[in-house]
Structures are given as C-alpha cells and as structure tokens.
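I have placed the structure first, in the form of structure tokens, so that the comments after it can refer back to it.
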Amino acid sequence: MHCLLRKRNFIPSGTRLQVQPQLMGKAKIRSYLGETVLLVERNRFAEALARTNITEAPNNMASSRGHLVSSYLLSNSALSLDEEVKVLTEQDAKYAGFNLFLLAPLAYGGKKPLKFAASFVTNHGAGGLLESRPLTSEERSIGGMTNGIDGKDGQNWPKLQHGIQSLSACLAALPKDITEADLTTRLFELLTWKSAEPLRERSDLRKTIHIEPLHVPLGNGAPDFYATRLSTVILIRRDGQVVFIERDIWGLDEDGKAVKRAPTSERVHRFQLQLPIT
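Residue numbers for the sequence shown follow the numbering used here, beginning at 151 and rising by one.
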C-alpha cells in the first residue's frame, strides 16, 4: 500500500471556495489552487504529480508554473520517467520558485507488488535553473515536501520533520486487519497537528501542519485569510486500486468569515490504475 498525504492552505477573500477535484473525461483527478497542485492520472500509466510553490517575495516570471505542469501531462507518455524529467529540465524557461514531485509505476507483471519510479524537480527559487534528483532511500520509504528550498532549508522545516515522524509511527502501529476507513481516519488525523508555539509571523507557518485562520495582508486592502483549506489522502494498493479523498477543513461563510467545515464535507473517488505491463 502506498499513501500520499497533502494539505492546501490559503483562503482568498471574496471567493466561494467550491473548487473540487474532478473525475474528468480522460480520467484525471485534479486539485489545485493557490500554492499546491496534486494530480493522479490513471490513463498515462498511473502517474502522480505534486507541486508546491516556494515561499518567496512576489515576482513576475515570464513562464507559468501551470504551463510547467500541463506540458508534462501533454508530453509523450511512451517516455520513461527519467526521459520525461530530462525534457522538463532542459527547458530554457524562467519560473517562480517551485518544487515538483513525480511518480510513475515501473513495468507491472501482474503478480509482483506494484513499484514506482520517482523524481524530484526544482528551480531552487525564482528564475533558477531547473534541476532534478532521485529520492533518497529515506524519502522512498517515508518522505515529504515543503514550500522551502531543497538542499537549503526545505527538509528542515519543523512541520515536515514532525509529519515524517508521526507518519512513521502511525504506519508501524497499524494492525494487519485494519480497515480502509480506520486507516484514512488515522492519516487525516496526522494532518490536524498544531504546534504549541503561537504563530506570530508568516515564517512561523513552517512550524505547524494545521493552520487556523490568520489574517494575512496581501496589499489589496481585502481581509484575506491564510489557513488549512483542504486535506487529501491518496491510497494506492499494490494491485493498482486507488482511493482519493479530499476533505474541506476551513472555508468562508456568506459574510466572508472563516468557518470550520464538517468532517463529512469531502469528495471520494475510486478507480483502477492503467498499468504498464511487462
């Protein structure tokens, strides 16, 4: 069983936050807004993609990070992951800072457990060169990705370190007969952790996984909030069966006030991955 956890922050004012992951005609599940993109594509041989935007000063780069994602999805699906990453990193383009995690299954014989190839792509900040690296052995077991700079401070963010430790402990304690419902409940619970330290400035956001609504001035005069808006759990069985659950956490009411969403406010999608056969 492979599991991916993700949370998405930022609540822009004046917006009815009804953006939901959709099961599209080409069988994609997509979820994106603000600083994180997460996608599972079952028809391109079960690839998964996650992107975070690096926390940095506002900038105006010539190329869109959205185009970066779409160009990958529209690339030749016959290429291996290494070949696709090579195409991505050879681009002569300038993007705002981002981290990109790519996951694609290796050839599947039908009897052996499903295994994935993975790669990490980043530009280390606005305007930087696109570079890639393989995951470390630790990351291939249990890892995570932040809005920090890879190789500098990104892996040292307290919320990432806490998340990795708590996920490791959670998985080690699972009974053999655990149900899917119980497993997803435990995984969502990991995403509710809050630091005991008060959040006094934006840099403190790296210290906590769950973020309760904070007023964040964005320079447009609107009372914007920064908070955990969505949490996502993806379970991928070794036979290619997938469950994708996205749960609302914080949103805005009709008066523009931040409100906690009910735990039942979620979307669930199930499907079977198309796998490359040996």
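The C-beta atom is built at its ideal place from N, Cα and C for all residues, glycine as well.
Check                                                                                                                             : Outcome
Rounded distance between the beta-carbons of residue 248 and residue 273, thought under 8 Å                                       : 6 Å
From 378, 311 and 299, residue whose alpha carbon lies closest to that of residue 288                                             : 311
Chain-order list of residues whose beta-carbon lies under 7 Å from that of residue 422 (same chain, five-residue window excluded) : 390 and 391
Ranges of the alpha helix (DSSP H) found wholly within the segment 274 to 318, counting only runs of at least 4                   : 287 to 291
Inter-residue CB distance, residue 399 and residue 297 (contact presumed, cutoff 8 Å)                                             : Residue 399 to residue 297, Cβ: 18 Å. No contact.
Rounded straight-line distance, which links the Cα of residue 225 to that of residue 363                                          : 39 Å
Helix, strand or coil at residue 171 according to DSSP, with G and I counted as helix                                             : Low confidence applies to residue 171: its pLDDT is 35, below 50, so where it sits in the model is not reliable enough to give any reading.
Per-residue DSSP class, three states only, for residue 336                                                                        : helix
Residues of its chain near residue 403, where Cβ-Cβ distance is below 7 Å and the 5 sequence neighbours each way are ignored      : 409
Whole-Å CB distance - residue 265 paired with residue 256, under 8 Å assumed                                                      : 5 Å
Candidates 354, 217, 335 and 327, of which the one nearest residue 382 by Cα                                                      : 335
Exposure of residue 172, with buried meaning 16 or more beta-carbon neighbours within 10 Å                                        : Note that residue 172 scores 36 on pLDDT, short of 50, meaning its location in the model is unreliable; the coordinates nonetheless yield the value given after this. So residue 172 counts as exposed.
Contact test: residue 199 Cβ vs the ligand COA heavy atom, cutoff 8 Å                                                             : Inclusion of the ligand COA in the displayed structure is not the case, the ligand content being empty and no account of it being possible.
Assumed close pair residue 243, residue 215 - CB separation to whole angstroms, cut-off 8 Å                                       : Incorrect: roughly 10 Å between the Cβ atoms, too far for contact.
Contact belief for residue 271 with residue 235 at Cβ below 8 Å, rounded distance in angstroms                                    : 6 Å
Beta-ladder partner(s) of residue 365, from DSSP                                                                                  : 375
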